[in-house]
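Peer 1:
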Amino acid sequence: MSGRVGTVAGVTGAEVVNAPLPTVAAPARSGRRRLRDGGLENPRAALAFALPALALIAVFFFLPVAAAFLLSFTDFDIYAVSNFDNVRVVGFGNYAQLLKTPLFWTALKNTFYFVLVGGPLSLAVSLGAALLVNARTVRFKPFFRTVYFAPVVTTLVAVAIVWRYLYHPRYGLLNYVLGAFGVDPVNWLGDPRWAMPAIILMAVWKGFGYNMVIFIAGLQSIPDELYEAARIDGASATQQFRNVTLPMLWPTLLFVSVITMIGYFQLFAEPYVMTQGGPLKSTLSVVLYMYEEGFRWWRMGFAAAIAFVLFAIILLATLFQLWLKKRRGE
Amino acid sequence: MGREGEVVAELARDFERENPGVHVRVQQIPWTAAHEKLLTAHVGGATPDIAQLGNTWVPEFVALDALERLDARIARSAVVQGSGYFPGIWATNVVNGGTFGIPWYVDTRVIFYRKDLLARAGYPVPPATWPEWRAAMEAIKKQVGKDRFAIFLPTNEWAQPVILGMQNGSPLLKDGARYAAFSDTSFRRAFEFYTALFRDGLAPVAGNNDVANVYQEFERGLFAMYITGPWNIGEFSRRLPASMRGKWATAPLPGPTGGASAVSMAGGSSLVVFDKSPHKAEAWKLVEFLSRPEQQVRFYALTGDLPARLESWRDSSLAGNEYARAFYDQLGRVLPMPQVPEWELIATKVFDYAERTIRGGVPPERALKGLDEEVNRILEKRRWMLARGTGKPAPRAD
Numbered sequence: 023m024s025g026r027v028g029t030v031a032g033v034t035g036a037e038v039v040n041a042p043l044p045t046v047a048a049p050a051r052s053g054r055r056r057l058r059d060g061g062l063e064n065p066r067a068a069l070a071f072a073l074p075a076l077a078l079i080a081v082f083f084f085l086p087v088a089a090a091f092l093l094s095f096t097d098f099d100i101y102a103v104s105n106f107d108n109v110r111v112v113g114f115g116n117y118a119q120l121l122k123t124p125l126f127w128t129a130l131k132n133t134f135y136f137v138l139v140g141g142p143l144s145l146a147v148s149l150g151a152a153l154l155v156n157a158r159t160v161r162f163k164p165f166f167r168t169v170y171f172a173p174v175v176t177t178l179v180a181v182a183i184v185w186r187y188l189y190h191p192r193y194g195l196l197n198y199v200l201g202a203f204g205v206d207p208v209n210w211l212g213d214p215r216w217a218m219p220a221i222i223l224m225a226v227w228k229g230f231g232y233n234m235v236i237f238i239a240g241l242q243s244i245p246d247e248l249y250e251a252a253r254i255d256g257a258s259a260t261q262q263f264r265n266v267t268l269p270m271l272w273p274t275l276l277f278v279s280v281i282t283m284i285g286y287f288q289l290f291a292e293p294y295v296m297t298q299g300g301p302l303k304s305t306l307s308v309v310l311y312m313y314e315e316g317f318r319w320w321r322m323g324f325a326a327a328i329a330f331v332l333f334a335i336i337l338l339a340t341l342f343q344l345w346l347k348k349r350r351g352e
Numbered sequence: 020m021g022r023e024g025e026v027v028a029e030l031a032r033d034f035e036r037e038n039p040g041v042h043v044r045v046q047q048i049p050w051t052a053a054h055e056k057l058l059t060a061h062v063g064g065a066t067p068d069i070a071q072l073g074n075t076w077v078p079e080f081v082a083l084d085a086l087e088r089l090d091a092r093i094a095r096s097a098v099v100q101g102s103g104y105f106p107g108i109w110a111t112n113v114v115n116g117g118t119f120g121i122p123w124y125v126d127t128r129v130i131f132y133r134k135d136l137l138a139r140a141g142y143p144v145p146p147a148t149w150p151e152w153r154a155a156m157e158a159i160k161k162q163v164g165k166d167r168f169a170i171f172l173p174t175n176e177w178a179q180p181v182i183l184g185m186q187n188g189s190p191l192l193k194d195g196a197r198y199a200a201f202s203d204t205s206f207r208r209a210f211e212f213y214t215a216l217f218r219d220g221l222a223p224v225a226g227n228n229d230v231a232n233v234y235q236e237f238e239r240g241l242f243a244m245y246i247t248g249p250w251n252i253g254e255f256s257r258r259l260p261a262s263m264r265g266k267w268a269t270a271p272l273p274g275p276t277g278g279a280s281a282v283s284m285a286g287g288s289s290l291v292v293f294d295k296s297p298h299k300a301e302a303w304k305l306v307e308f309l310s311r312p313e314q315q316v317r318f319y320a321l322t323g324d325l326p327a328r329l330e331s332w333r334d335s336s337l338a339g340n341e342y343a344r345a346f347y348d349q350l351g352r353v354l355p356m357p358q359v360p361e362w363e364l365i366a367t368k369v370f371d372y373a374e375r376t377i378r379g380g381v382p383p384e385r386a387l388k389g390l391d392e393e394v395n396r397i398l399e400k401r402r403w404m405l406a407r408g409t410g411k412p413a414p415r416a417d
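These protein sequence lines are chains A and B, in that order. So the first sequence is numbered by the working numbering: it starts at 23 and just counts up by one. So the second sequence is numbered by the working numbering: it starts at 20 and just counts up by one.
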């Protein structure tokens, strides 16, 4: 179910945001015109080419989504598996129950915590790393790029085991280092106050390389002449960053922030592997909650309702970001 | 499932030799994926002929009409008889008066403890009643100081609070498992006893994830007692260094008033035959083969899983194992979990709410009220089905 919701949001996000990238937009426009002319001559051929893909999307995407949507209005559960008579149509009962369930609000709060703190942090770290790796004075650039990207392609389970040791209250490296500065040991994953920061730290470390690569591409597409002109005007490094780099990077930044936000809303694997949502539900995310309800307890109707609430939240958040972009663009 | 899956392939080869023409295909599934896999198999009509099933899952699969009722076959069998098993374990396979599984190996909880630490605190013999137990823990705590503890009760395990509740006479669920009974006095007293151990610093506020290596910590003396299951006989024997030999032992759980009150939970795995199987006769033959005392002893030698048959315990390999003895004693006093499909979910709610008291400081009474409300909501569907008359699978003639 998480995957499905992910794709819905992923598709809308990518499509909308891809369009405004300035370098791509100009040639694409002329290309599209030519295509459209050909299409008008023979619309049936175009349809025939698109049909297999459409059929696949319909069968494997729209149909399950529609089925899940219907499911969310029933109390489909383990009893219903054995006998379909045991299904009751409950209307908006699941949604009403969901809003009354404290655990859902806890999960939602945790997820927003993760998105609002982890998302910007991840962007800042990625951008910082991209600037460093892209700096003129840095040598062995491919080496650093590879090293920073390595966590992205590492299996999360392996990473989680290592990080569990780093976070260990007694023997962990983190507490050892903090201890050298006189900080008392922190029970990172065992303390409800610290578990989410610990998860955020790990998630940022694991994921920043991906955004970094996109940022590097964005940085490299900024024409050198702009920096030259800025330098001739006597702009300092900070001024160059604020007045050249940031505005030129804006479309990339927006794309990365939307994609990161969508991904972060679907927080699942990190708490699933590291803490199972504990301690005291402090790392339970919406998707983890949905997974447990659906696949552990087979309360499919209820889980489907969670999926659609999360979908609505991600959709709203994406629209909000696009609105921000539009306002800035005008 | 797990290690059993590897071993049973070896036993199955002997079975094939005895029964030419019967071929056994063994499929191993990790425990974590087994429940999902079997459920999906049932939905897809692709269940195996025979399977190992955690005995808390039996009611669930009975509710799904997935299992073959075995009473008639048992009545005809020369190998499998109910009287040859621990009664509490056998009972876990009986749902609504029908027998749906044959116990294969057993699981329960006892105390693993440091003999030296208990003796130093003045308890050469482990405590038998709750007041003694509590006094012993306080004495140990006084000895070991602030950073060490008397007992390790992982806050993310439900077995400990549930067992203490059952010891105190709580039925856990009431009215034919239609409603929760956690706010009732019997469970509440046990819950207070349990949560006070954390409040008073006798047990560390830690889950399994917070203690990276239980064996190392046991050796270092982070805790002197640990409530856990039979798989740890092998693990403790293997992982503790030679210097620890003779310093640890196992003992049956204490009870509120000792004696018959000192019950534990009846866990383990059962062998079941699926209703849709086209080879029920052969599947039953394999069940009988695996239930023979000598095969059970062999299975124990290969896996360390404790046999469900009383007769197998007379074998020297088991009778001579000092750590297994506590389990034998305890298995004479075990109670099954409530036999409803919702139990697994309810069990996790028990430690959710216990954690609220332990870590969140919620008063026990309020935590249990919340637990009852949530469990009653979970049981709503069951009440509806019982009212409609579809909750009980109609006992079928075999």
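Just so it is clear, CB atoms sit at the ideal spot from N, CA and C, and this is done for glycine as well.
Compare the C-alpha of Gly39 of chain B against each of B:Glu363, B:Arg317, B:Glu301 and B:Asp391 and name the closest.
Peer 2: First, the residue type needs correcting, since residue 39 of chain B is Pro and not Gly in the sequence shown. Of B:Glu363, B:Arg317, B:Glu301 and B:Asp391, the residue nearest in Cα terms is B:Glu301.
Peer 1: Does the beta carbon of Asp84 of chain B sit closer than 8 Å to a beta carbon anywhere in chain A?
Peer 2: yes
Peer 1: Counting contacts by CB-CB distance shorter than 8 Å, is Leu216 of chain B in contact with chain A?
Peer 2: Output row for Leu216 of chain B: interface = no.
Peer 1: Taking Cβ-Cβ distances shorter than 9 Å, what residues in chain A pair up with Lys388 of chain B?
Peer 2: The contacting residues do not exist; Lys388 of chain B stays about 13 Å from chain A at best.
Peer 1: Could you give the uninterrupted runs of the alpha helix (DSSP H) lying entirely in the region 187–274 of chain A, keeping only those of 4 residues or more?
Peer 2: Complete alpha helix (DSSP H) runs here, min 4: 195–202, 214–242, 246–254 and 259–262.
Peer 1: Who are the neighbours of Ser104 of chain A on chain B, taking C-beta pairs under 7 Å?
Peer 2: Ala82, Leu83 and Asp84
Peer 1: Got a sec, what are the start and stop residues for the alpha helix (DSSP H) Phe290 of chain A sits in?
Peer 2: Element bounds for Phe290 of chain A: n/a, residue is neither H nor E.
Peer 1: Is it buried or exposed for Phe210 of chain B, if we count other Cβ within 10 angstroms and need 16 for buried?
Peer 2: buried
Peer 1: Using 8 Å as the threshold, is the region 222–236 of chain B in touch with the region 209–224 of chain A, meaning 3 or more CB pairs across them?
Peer 2: yes
Peer 1: Below 7 Å on C-beta distance, what does Lys400 of chain B contact in chain A?
Peer 2: Ordered by position in chain A, the residues that pass the 7 Å Cβ test against Lys400 of chain B are Asp97, Asp99 and Tyr101.
Peer 1: Taking Cβ-Cβ distances shorter than 9 Å, what residues in chain B pair up with Phe317 of chain A?
Peer 2: Glu55
Peer 1: Between Leu120 of chain A and chain B, is there a C-beta pair that is closer than 8 Å?
Peer 2: no
Peer 1: Do we get a CB-CB distance below 8 Å when we pair Trp216 of chain A with the residues of chain B?
Peer 2: Chain B contact via Cβ: absent.
Peer 1: List the endpoints of the continuous beta strand (DSSP E) containing Leu137 of chain B.
Peer 2: No beta strand (DSSP E) contains Leu137 of chain B, which is instead part of the alpha helix (DSSP H) from Lys134 to Arg139.
Peer 1: Mind checking whether Thr168 of chain A and Phe287 of chain A have CB atoms under 8 Å apart?
Peer 2: no
Peer 1: For Trp267 of chain B, which beta-bridge partners are listed by DSSP?
Peer 2: B:Arg133
Peer 1: Which residues bound the alpha helix (DSSP H) around Asp99 of chain A?
Peer 2: Taken as a continuous stretch (DSSP letters only), Asp99 of chain A belongs to no alpha helix (DSSP H), as it is neither H nor E.
Peer 1: Would you kindly work out how many angstroms separate the C-alpha atoms of Gly53 of chain A and Pro124 of chain A, rounded to a whole number?
Peer 2: With a pLDDT of 44 at Gly53 of chain A, under the threshold of 50, the modelled position of this residue cannot be trusted, and the question is left open.
Peer 1: Below 8 Å on the Cβ atoms is my guess for Ile69 of chain B versus Val306 of chain B; work out the distance and round it to an integer in Å.
Peer 2: The pair is a contact, with the Cβ atoms about 6 Å apart (cut-off 8 Å).
Peer 1: For Glu392 of chain B versus Lys368 of chain B, is the C-beta spacing smaller than 8 Å?
Peer 2: no
Peer 1: Does the CB of Pro414 of chain B have a neighbour CB from chain A at under 8 Å?
Peer 2: Caution is warranted here: a pLDDT of 39 is assigned to Pro414 of chain B, below 50, making its placement in the model unreliable, and the coordinate value is therefore given only provisionally. No, no contact with chain A.
Peer 1: Locate the alpha helix (DSSP H) running through Asp90 of chain B, then write down its first and last residues.
Peer 2: Asp90 to Arg95 is the extent of the alpha helix (DSSP H) around Asp90 of chain B.
Peer 1: Return helix, strand or coil for Ser304 of chain A, following the three-state DSSP convention.
Peer 2: coil
Peer 1: Count the other C-beta atoms from every protein chain shown that fall within 10 angstroms of the C-beta of Gln100 of chain B, then say buried if there are 16 or more, exposed otherwise.
Peer 2: exposed
Peer 1: Does any residue of chain B bring its CB to less than 8 Å from the CB of Asn197 of chain A?
Peer 2: no
Peer 1: Give me the residue from B:Ile170, B:Ile48, B:Asp126 and B:Arg133 with the minimum Cα distance to Asn74 of chain B.
Peer 2: B:Asp126
Peer 1: Taking only three categories from DSSP, how would you classify Tyr142 of chain B?
Peer 2: Three-state result, Tyr142 of chain B: coil.
Peer 1: Would you mind sorting Trp177 of chain B into buried or exposed? The rule is 16 or more other CB atoms within 10 Å of its CB.
Peer 2: buried
Peer 1: Taking the C-alpha atoms as reference points, what is the distance between Gly60 of chain A and Ala75 of chain A?
Peer 2: Because the pLDDT at Gly60 of chain A is just 48, under 50, the model does not fix this residue reliably, and the point stays unresolved.
Peer 1: Could you please give me the residues that DSSP links to Arg328 of chain B through a beta bridge?
Peer 2: B:Tyr104
Peer 1: Could you tell me the boundaries of the beta strand (DSSP E) in which Gln71 of chain B lies?
Peer 2: Element bounds for Gln71 of chain B: Ile69 to Gly73.
Peer 1: Under 8 Å, do Thr322 of chain B and Glu23 of chain B count as touching if we go by C-beta distance?
Peer 2: Yes; because the gap between Cβ atoms is below 8 Å, this pair is in contact.
Peer 1: Kindly list, in the order they appear in chain B, the residues whose Cβ is closer than 8 Å to that of Pro191 of chain A.
Peer 2: Asp229
Peer 1: Quick one: measure Cβ to Cβ for Leu241 of chain A and Val266 of chain A, integer angstroms, because I've assumed they're closer than 8 Å.
Peer 2: The pair is not a contact, with the Cβ atoms about 11 Å apart (cut-off 8 Å).
Peer 1: For Pro249 of chain B, is the classification buried or exposed, using 16 other Cβ atoms within 10 angstroms of its Cβ as the cut-off for buried?
Peer 2: By the neighbour-count rule (16 or more Cβ atoms within 10 Å), Pro249 of chain B is buried.
Peer 1: What three-state label does DSSP hand Ile170 of chain B in the structure shown?
Peer 2: strand
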